[in-house]
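Participant: Below is one structure. I have some questions about it.
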Ligand code: NAD
Ligand code: LMR
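Residue numbers (UniProt numbering): 10 to 341.
Below is the structure:
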């Protein structure tokens, strides 16, 4: 009786719900950090049959938090049950890489997971669902999911590059002795892989040009490779792939999508239409966007230098190669 919420609950599906990332992500969604502190949620927790016991334990802990906004928990390995009527889906479930692997090495193991998930979303999800693919290699997995979700628009799917974006923001804040809120217009282009192109060409720190503050040498020799290889650096130190920061990025991506992100740019891995910044059609490629009314728009009209265009092509070419490697999985 202390808490009365007037909004109808939103059903949120999360795959890989018994895994590492979800062990921080789910609790924050249930607390309201993702969709707002006045928005009740019903969590649809999806994992494979072998993980159901562990999943039950996670659900018990979620309940034990007595979150006022959490109005139901569904645990399942059945995609129909998992995706029925969901308005948000976070596809986290997939194998993470270990030391010495690249995310592309996961393609063989993980890609096939996303065919049945795309189909089930298409058949059972709310028609206005927003789907974020986190499982690696995220961009190509998003392509597979969206391809098989034949009844849903491609614009409702995204691959997560928000972690790369936020890593870049933090590096600039730390280097310039400023705080995150001072930083604007950071961009990450392309694939969530070491070919990604973190770009500070338009970035500002308290309205001043970031590149003038950080210097060319730090930008090219430290910043760019550090952001590109941060995932591996975390694995090297933690012994496991990033989890709490990845969960946070997934939550922030969805928050931006549902609640808007119009005062600054943010990076979304989204379907390329072939007419934007020379990126070939039909790739999930990270672009700078703003978001209003649950729809993203690419920031258009930026002048791209020849050197920057070259970097953007390198990462697009890698995505074309990934697409070629799984072309059989794109047959509907
Ligand atoms: P984890 O191994 O701890 O958990 C993965 C979970 O997924 C497990 O519970 C597993 O049973 C489940 N799973 C496997 N196949 C499934 C399926 N078909 N349906 C539903 N669930 C399934 O891994 P994690 O650390 O939570 O990472 C998950 C994924 O996220 C990895 O692929 C990792 O590389 C990726 N990741 C992406 C980013 C990014 O920035 N895009 C960041 C961090 C991690
Ligand atoms: C990350 O960027 O931390 C994740 O994609 C995990 C990884 O394999 O690097």
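Glycine is no exception: its CB is placed at the ideal position from the N, C-alpha and C atoms.
Do residue 25 and ligand 3 come close, with the Cβ less than 7 Å from some heavy atom?
Facilitator: Ligands displayed in this structure: ligand 1 and ligand 2; ligand 3 is not among them.
Participant: Please return the same chain residues whose Cβ sits closer than 6 Å to the Cβ of residue 134, not counting the five positions on each side in sequence.
Facilitator: As a first step, residue 134 is located in the chain shown; it is residue number 125 there, counting from the start. Cβ within range, chain order: 92, 95.
Participant: Does residue 186 pass the burial test, meaning 16 or more other C-beta atoms within 10 Å, or should it be called exposed?
Facilitator: As a position in the chain shown, residue 186 is number 177, starting the count at 1. By the 10 Å Cβ count, residue 186 comes out exposed.
Participant: Relative to the C-alpha of residue 276, which candidate in 177, 228, 243, 126 has its C-alpha closest?
Facilitator: Position 267 of the chain shown, counting from 1, holds the residue named residue 276. Out of 177, 228, 243, 126, 177 has the C-alpha closest to the C-alpha of residue 276.
Participant: If residue 147 and residue 122 are in contact, beta carbons under 8 Å, what's the gap, nearest whole angstrom?
Facilitator: Position 138 of the chain shown, counted from the start, is the residue given in the question as residue 147. Position 113 of the chain shown, counted from the start, is the residue given in the question as residue 122. Not confirmed; about 12 Å, so no contact.
Participant: Is residue 93 helix, strand or coil when you go by DSSP?
Facilitator: For the purposes of this step, residue 93 is taken as residue 84 along the chain shown, with counting starting at 1. Three-state result, residue 93: coil.
Participant: Please tell me whether, using a cut-off of 7 Å, the distance from the CB of residue 15 to the nearest non-hydrogen atom of ligand 2 is below it.
Facilitator: On the chain shown, residue 15 is found 6 positions in, with the first residue counted as 1. No; taking the cut-off as 7 Å, the Cβ of residue 15 has no heavy atom of ligand 2 nearer than that.
Participant: Which one of 314, 207, 289 has the shortest CA to CA distance from residue 180?
Facilitator: Taking the first residue of the chain shown as position 1, residue 180 is located at position 171. Comparing Cα positions, the closest option is 207.
Participant: In angstroms, rounded to a whole number, what distance separates the CA positions of residue 168 and residue 99?
Facilitator: Your numbering for residue 168 matches position 159 in the chain shown. Your numbering for residue 99 matches position 90 in the chain shown. For residue 168 and residue 99, the distance between alpha carbons rounds to 10 Å.
Participant: May I ask you to report which of helix, strand or coil DSSP gives residue 8?
Facilitator: The structure shown does not extend to residue 8, since the chain is modelled only from 10 through 341, so no value can be given for it.
Participant: For residue 30 versus residue 54, is the C-beta spacing smaller than 8 Å?
Facilitator: Locating residue 30 in the chain shown gives position 21, counting from the first residue. Locating residue 54 in the chain shown gives position 45, counting from the first residue. No, the Cβ-Cβ distance between residue 30 and residue 54 is not below 8 Å.
Participant: Check each candidate in 141, 117, 199, 247 and name the one with the smallest Cα separation from residue 287.
Facilitator: Within the chain shown, residue 287 is the residue found at index 278, counting from 1. Ranking 141, 117, 199, 247 by Cα distance to residue 287 puts 199 first.
Participant: Would you call the region 288-300 and the region 258-273 touching, i.e. three or more CB-CB distances under 8 Å?
Facilitator: The region 288-300 vs the region 258-273: in contact.
Participant: If you measure between the beta carbons of residue 79 and residue 50, is that distance less than 8 Å?
Facilitator: The residue labelled residue 79 in the question sits at position 70 within the chain shown. The residue labelled residue 50 in the question sits at position 41 within the chain shown. Contact: yes.
Participant: Can you tell me whether residue 159 is buried or exposed? The criterion is at least 16 other CB atoms within 10 Å of its CB, across all chains shown.
Facilitator: Looking up residue 159 in the chain shown gives position 150. With fewer than 16 Cβ atoms within 10 Å of its Cβ, residue 159 is classed as exposed.
Participant: Label residue 312 either buried or exposed according to how many other C-beta atoms from any shown protein chain fall within 10 Å of its C-beta, with 16 as the threshold for buried.
Facilitator: In the chain shown, the residue the question calls residue 312 occupies position 303. Label assigned to residue 312: exposed.
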